[in-house]
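Novice: The sequence shown lines up with residues 445 to 500 when you count with the numbering used here. For every residue, glycine included, the Cβ atom is placed at its ideal position computed from N, Cα and C.
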Amino acid sequence: MRVKKMDRPNSGIRCVVNTCEYYMHGDHCSAEMIEVQPPNARDTQETDCVTFTPKS
Ligand code: SF4
Numbered sequence: 445m446r447v448k449k450m451d452r453p454n455s456g457i458r459c460v461v462n463t464c465e466y467y468m469h470g471d472h473c474s475a476e477m478i479e480v481q482p483p484n485a486r487d488t489q490e491t492d493c494v495t496f497t498p499k500s
């Protein structure tokens, strides 16, 4: 899912995935919105941000 990259952190999100295009220094995410999958996940291991895009 491709979403708008903002020039500031999305204050509701903390993320440490520093290999993502939307990652911002200080464990911030600059995506306007994120999508988390999948349905029926049972724990955090099974839960992923599908907005993740590898840093180009
Ligand atoms: S899009 Fe997802 S993986 Fe990427 S920085 Fe934001 S929360 Fe983290």
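If we ignore side chains and look at the alpha-carbon of each, how far apart do Ala475 and Gln481 end up?
Specialist: Indexing the sequence shown from 1 puts residue 475 at position 31. Indexing the sequence shown from 1 puts residue 481 at position 37. Straight-line Cα distance between these residues: approximately 16 Å.
Novice: Using only CA atoms, which one of Glu465, Pro498 and Arg458 lies nearest to Lys449?
Specialist: One-based indexing of the sequence shown puts residue 449 at position 5. Of the candidates Glu465, Pro498 and Arg458, the one whose C-alpha sits nearest the C-alpha of Lys449 is Glu465.
Novice: Just to confirm, is the Cβ distance from Met468 to Pro453 under 9 Å?
Specialist: Taking the first residue of the sequence shown as 1, we reach residue 468 at position 24. Taking the first residue of the sequence shown as 1, we reach residue 453 at position 9. Yes, the pair counts as a contact, with Cβ atoms nearer than the cut-off.
Novice: If we define contact as Cβ-Cβ less than 9 Å, is Met477 a contact residue for chain D?
Specialist: Protein chain content of the structure displayed is limited to a single chain, and chain D is not contained in it.
Novice: Is Glu490 a contact residue of the ligand ATP, with contact defined as CB to any heavy atom under 8 Å?
Specialist: Ligands in the displayed structure: the ligand SF4; the ligand ATP is not one of them.
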